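Participant:
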Amino acid sequence: DETRFDKSIEGALAKVRAFAGDGLFTSETHEPNWKKAHNILMPTFSQRAMKDYHAMMVDLAVQLVQKWARLNPNENVDVPEDMTRLTLDTIGLCGFNYRFNSFYRETPHPFITSMSRALDEAMHQLQRLDIEDKLMWRTKRQFQHDIQSMFSLVDNIIAERKSSGNQEENDLLSRMLNVQDPETGEKLDDENIRFQIITFLIAGHETTSGLLSFAIYFLLKNPNKLKKAYEEVDRVLTDPTPTYEQVMKLKYIRMILNESLRLWPTAPAFSLYAKEDTVIG
């Protein structure tokens, strides 16, 4: 009930504001940029928008399949790492027309390295006393270095789009730069665009990566369900390159993803606060 409860930015989420600022995920709903960004960016998640992204998603999925096809028969597959490569590349390309080219790297992209360390440090800060934080100057210096590394990448993405003068793109970044909030007539400022991009790069890839990894795990633990998934794919995906319409017909695959989220949700909870004194039960 949004009239009685609202999201709460506290604990680890408050620490993440050091590099996600007032992006959608880490901003309070009463902050001006929350509603402004919400109004501007929502159309990019419509079904029509998803259809426009389809060819790019297929391109990246093919890169994953080709990587696995080149493996030796007894070679191990690091599924979570490859799912991270896939989902980071997808949000980067579909959202910002930026290619991380993760499948052409032997090691994770520097953004992933900095992001992982920064998130870990944000979690660890919760467990320390203030005096401990002040004494851990090497850790603080690494934290600031990782934040600046993420800022640098994102600022380059913004600068490249601005210098290209391309007004035809209809992705997240285009809307961030060019679209006015219909309520206020204002655009997002550059600092908030930076925070929004970092928010989408983190939240847009990590949860999906976890979902895909667990879905594959559960399928391998349930061979009969895996067999049914193969049968649906063979029946529906009859073209060499899957079409958007065909993917939308993969009903059993959708059920598998939903059940994976139920069994092991990648975002199991979020915090709320009561706007006024409330008796529950």
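Counting along the sequence shown from 1, when you hit position 272 you're at 272 in full-length UniProt numbering, and nothing is skipped either side. The beta carbon of each residue, even a glycine, is placed where N, CA and C say it ideally should be. In this text, all values refer to a predicted model and were calculated from it rather than measured experimentally.
1) In the structure shown, what three-state DSSP assignment does K7 receive?
2) For the candidate residues L226, H30, I280, whose alpha-carbon lies nearest to that of I256?
3) If I measure Cβ to Cβ from L172 and keep anything under 6 Å in the same chain, skipping five residues before and after, which residues do I get?
4) Helix, strand or coil for L24, going by three-state DSSP, please let me know.
5) For R194, does the count of other Cβ atoms within 10 angstroms reach 16, so buried, or fall short, so exposed?
6) Provide the residue(s) that pair with Y273 in DSSP beta bridges, ordered along the chain.
7) Check whether the Cβ atoms of S260 and A215 sit closer than 8 Å, and answer yes or no.
8) Please identify the residue among E28, I40, A20 whose C-alpha is closest to the C-alpha of N178.
9) Tell me where the alpha helix (DSSP H) around M54 begins and ends.
10) Applying the criterion that 16 or more other CB atoms from any shown protein chain within 10 Å of the CB defines a buried residue, is N192 buried or exposed?
11) So, at 8 Å on beta carbons, what are the nonlocal neighbours of I253 in its own chain, with the 5 sequence-adjacent residues on each side left out?
12) What three-state label does DSSP hand N72 in the structure shown?
Facilitator: Quick answer:
1) K7 falls in the strand class under three-state DSSP.
2) Taking only the C-alpha atoms, the option nearest I256 is L226.
3) T44, G95
4) coil
5) buried
6) D6
7) yes
8) I40
9) According to the sequence displayed, residue 54 carries His and not Met. That run of the alpha helix (DSSP H) goes 47–69.
10) The residue in question, N192, is buried, as its Cβ has 16 or more Cβ neighbours within 10 Å.
11) Non-local C-beta neighbours of I253 in its own chain, meaning closer than 8 Å and more than five positions away in sequence, comprise A229, E232, V233, ordered along the chain.
12) Residue state, collapsed to three classes: coil.
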